[in-house]
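Counting from 1, one number per residue, gives the positions in the sequence shown under the UniProt record's numbering.
Heads up, the beta-carbon is just placed ideally off N, CA and C, and yes, glycines get one too.
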Amino acid sequence: MDSLFAVLLTFFSPARAKKSVAKDLDRIFGGMTQAREWAHTVVASADIDPARYPVRAIRELRAQERRLRLAGAKALVDQLR
């Protein structure tokens, strides 16, 4: 039972999630810098303040790029804040 818990804990660890987000953003945009620049442009064009309205910013990013997962959009908005 303990080994199952250890496997599940490893599988759902925050470090694994960060690697997955970075990998997705790299696949979609070619890197974090390009992803951040794209996100800034999209949010600015939509006249959304990501610090004040993070959910709106996430929704707009995902509407503009359908391959972007929720975790990736949240990571980008967190960097814009």
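Residue closest to residue i, alpha-carbon to alpha-carbon, out of the options
i: L80; options: D49, R69, E60, R62; result: D49
i: A46; options: R27, T33, Q64; result: Q64
i: R67; options: K19, E37, K23; result: K23
Buried versus exposed call for residue i [16 or more other C-beta atoms within 10 Å across all chains shown]
i: L70; result: exposed
i: A44; result: exposed
i: G30; result: exposed
i: A51; result: exposed
i: E37; result: exposed
i: V21; result: buried
DSSP three-state assignment for residue i, whether helix, strand or coil
i: I48; result: coil
i: R62; result: helix
i: R67; result: coil
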